[in-house]
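Input: a single structure, listed below in structure tokens.
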Amino acid sequence: MMIGRLVRWGAVAMLAASCDVDQPDIGCPVQSLTWVATYHPVGTHSCGNKAGEQLGVSKYFSPQGESQFAIKPATLSALDGRDPQRPSYSQAAMPEEANAEGFCVVPSLPEMRKQAEADPTGAEPAVSVSYRWSNVRIVSQPVIPGTQFVADLEYTENGCTAAYEVWAMWPGDVSCDNGQGAPDETRCETAITLNSDFATKCDPTLSLCVPAKRPPSLK
Numbered sequence: 001m002m003i004g005r006l007v008r009w010g011a012v013a014m015l016a017a018s019c020d021v022d023q024p025d026i027g028c029p030v031q032s033l034t035w036v037a038t039y040h041p042v043g044t045h046s047c048g049n050k051a052g053e054q055l056g057v058s059k060y061f062s063p064q065g066e067s068q069f070a071i072k073p074a075t076l077s078a079l080d081g082r083d084p085q086r087p088s089y090s091q092a093a094m095p096e097e098a099n100a101e102g103f104c105v106v107p108s109l110p111e112m113r114k115q116a117e118a119d120p121t122g123a124e125p126a127v128s129v130s131y132r133w134s135n136v137r138i139v140s141q142p143v144i145p146g147t148q149f150v151a152d153l154e155y156t157e158n159g160c161t162a163a164y165e166v167w168a169m170w171p172g173d174v175s176c177d178n179g180q181g182a183p184d185e186t187r188c189e190t191a192i193t194l195n196s197d198f199a200t201k202c203d204p205t206l207s208l209c210v211p212a213k214r215p216p217s218l219k
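Take the sequence shown: its letters are residues 1 to 219, numbered as in the UniProt record's numbering.
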């Protein structure tokens with residue numbers, strides 16, 4: 001009888017121990033291609049506020065096997081034809097594991113800049129645009145496996161500089177336009193391509209579904 005009780009107690013202890021094991025670390029995944037970002041002003045400035053934009057985001061490995069994180073804003077990509085010499089993206093090394101708060105942190109990326117001359121037709125004026133990204137924190141959680149990030153951005157356009165906190169998520173191509181040029185929140189709530197755990201909203205300026213809260217943006 002005593003042996004039977006000990007065996008049962010041992011089984012219960014083993015089960016309890018197995019339930020106490022921490023969830024395995026998922027590393028630092030990043031979903032590639034099109035993201036969407038909203039820009040939230042930090043402090044005051046005299047520049048016009050930039051609402052946000054789509055971003056090309058990717059993770060890849062260098063020839064030396066190091067993980068690299070890259071961002072390509074739509075604003076710079078649109079200037080490739082007028083300033084083909086300067087790249088419209090920036091990249092930096094990223095860690096292999098998340099920190100204790102569940103973020104994979106990229107401390108800074110090199111400045112990216114475009115200096116475009118006026119369009120010969122006169123349709124587009126000359127423009128100078130630069131981005132300085134820092135403190136990029138990619139969320140690394142089982143429910144958000146590299147599909148949201150928060151970052152700091154210094155954005156300069158034609159000599160006017162503004163600071164923003166950036167909230168970004170993937171996928172970044174989910175339209176919330178009602179087909180008549182007005183926002184429709186229900187499109188973000190029912191979109192099958194969006195993680196149902198995400199807290200999202202319809203951005204009326206971008207007409208895209210965006211994070212409703214500072215990442216991690218969850219319901």
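Cβ atoms here follow ideal geometry from the backbone N, Cα and C, with glycine treated the same way. In this text the structure is predicted, and so the values were computed from the model without any measurement.
Is it true that the CB of residue j sits closer than 7 angstroms to the CB of residue i?
i	j	result
Arg187	Glu154	no
Val36	Leu218	no
Asp152	Ser134	yes
Met112	Ser90	yes
Pro29	Pro145	yes
Phe103	Arg137	yes
Ala92	Leu109	yes
Gln148	Pro215	yes
Ser58	Ser88	no
Drop a sphere of 10 angstroms on the beta-carbon of residue i, count the other beta-carbons inside from all chains shown, and report buried for 16 or more, exposed for fewer.
i	result
Tyr164	buried
Thr121	exposed
Ile71	buried
Pro204	exposed
Arg158	Rather than Arg, the amino acid found at residue 158 in this sequence is Asn. That one is exposed.
Val150	buried
Leu206	buried
Thr200	buried
Ala118	exposed
Ser140	buried
Pro84	exposed
Cys202	buried
residue 220	This structure gives no information on residue 220, because the portion of the chain shown stretches from 1 to 219.
Ala212	buried
Tell me, please, which residues DSSP counts as bridged to residue i.
i	result
Cys209	Cys202
Met94	Note: Met94 sits in no beta bridge, so no partner.
Asp152	Ser134 and Glu165
Pro171	BP columns for Pro171 are empty, so no partner.
Val42	In DSSP, Val42 forms no bridge with anything.
Cys104	Ile138
Ser58	Ala70
Glu157	Val129 and Cys160
Val36	Gln54 and Met169
Could you round the C-beta distance between residue i and residue j to whole angstroms and report it? I think they count as a contact, below 8 angstroms.
i	j	result
Lys77	Gln68	Note on residue identity: the sequence assigns Ser, not Lys, to residue 77. So it is not a contact: roughly 18 angstroms between Cβ atoms.
Lys50	Leu79	Their Cβ separation, rounded to whole angstroms, is 15 angstroms, which puts Lys50 and Leu79 out of contact at 8 angstroms.
Tyr60	Val166	Not really, about 21 angstroms apart at Cβ, beyond 8 angstroms.
Asn99	Val105	6 angstroms
Subject >> Given 8 angstroms, three or more beta-carbon pairs between the region 159-175 and the region 52-67 >> reply: At 8 angstroms Cβ cutoff, the stretches touch.
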